[in-house]
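Asker: Numbering that gives the first Met the number 0 puts the first residue of the sequence shown at 0, with every later residue one more than the last. Can you keep this structure in mind? I'll have questions shortly.
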Amino acid sequence: MWNDLEEFILKLAIENSEKTGKKTKIVEIGAGKFQTISKNLSEDENIDIIMTDIDPANENIIKDDVFNPNMNIYKDADILFSIRPPAELQEAIMKIRDEVDATLIIKPLFNEDLNMKTKKMKLKNYNRASFYIYER
0 MWNDLEEFIL
10 KLAIENSEKT
20 GKKTKIVEIG
30 AGKFQTISKN
40 LSEDENIDII
50 MTDIDPANEN
60 IIKDDVFNPN
70 MNIYKDADIL
80 FSIRPPAELQ
90 EAIMKIRDEV
100 DATLIIKPLF
110 NEDLNMKTKK
120 MKLKNYNRAS
130 FYIYER
């Protein structure tokens, strides 16, 4: 499942780079301790990746609070994604998305619905991965 989500994000990033002629900027919000997808995506020459978290697990993650975000981190982002963000963070993540006009991907817990009051995200099934996407 994680490989499929990673593959989908990589596909979006490559399409974006081909369209714009520049690297795709991706920000993972709430990176936590599971950073496999971001680490693998960072190996692609078409991608610049930034990981954020309120409590960074290591020096590769930038400390940021989605309720009081440093918008310089997200400026010019093409894709934002978050894996299993708690429901109380989801609206704040969408506000960041709205400000930078990026594609947003949220992979909730298996049995969890999204907590989006203002925006409708589309459920996407890609191979074995299921996630929500809001495209710009």
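Glycine included, each C-beta is placed from N, C-alpha and C at the ideal position.
In the structure shown, what three-state DSSP assignment does residue 81 receive?
Answerer: Taking the first residue of the sequence shown as 1, we reach residue 81 at position 82. Residue 81: strand per DSSP, three-state reduction.
Asker: Nearest-angstrom Cα distance between residue 10 and residue 17?
Answerer: Position 11 of the sequence shown holds residue 10. Position 18 of the sequence shown holds residue 17. Cα-Cα distance, rounded: 11 Å.
Asker: Identify every residue that forms a DSSP beta bridge with residue 128.
Answerer: One-based indexing of the sequence shown puts residue 128 at position 129. DSSP lists 125 as partners of residue 128.
Asker: Leaving out five residues on either side along the sequence, give the residues of the same chain with a beta carbon under 7 Å from the beta carbon of residue 83.
Answerer: Here residue 83 is taken as the residue at index 84 of the sequence shown, counted from 1. Cβ within range, chain order: 106, 107, 108.
Asker: Can you list, in chain order, the residues of its chain with a C-beta nearer than 8 Å to that of residue 74? Leave out the 5 residues immediately preceding and following it.
Answerer: Taking the sequence shown and counting its residues from 1, one reaches residue 74 at position 75. Excluding positions up to five away in sequence, the list reads 99.
Asker: What residue does the beta strand (DSSP E) around residue 26 start on, and which one ends it?
Answerer: Within the sequence shown, residue 26 is the residue found at index 27, counting from 1. 23-28 is the extent of the beta strand (DSSP E) around residue 26.
Asker: Give me the residue from 38, 119, 88 with the minimum Cα distance to residue 57.
Answerer: Reading the sequence shown from its first residue, position 58 is the one you call residue 57. Closest option to residue 57, Cα to Cα, is 38.
Asker: Going by beta carbon distance, what residues of the same chain come within less than 7 Å of residue 46, once the five residues before and after it are set aside?
Answerer: The sequence position of residue 46 within the sequence shown is 47, counting from 1. Hits under 7 Å: 12, 22, 23, 25, 40.
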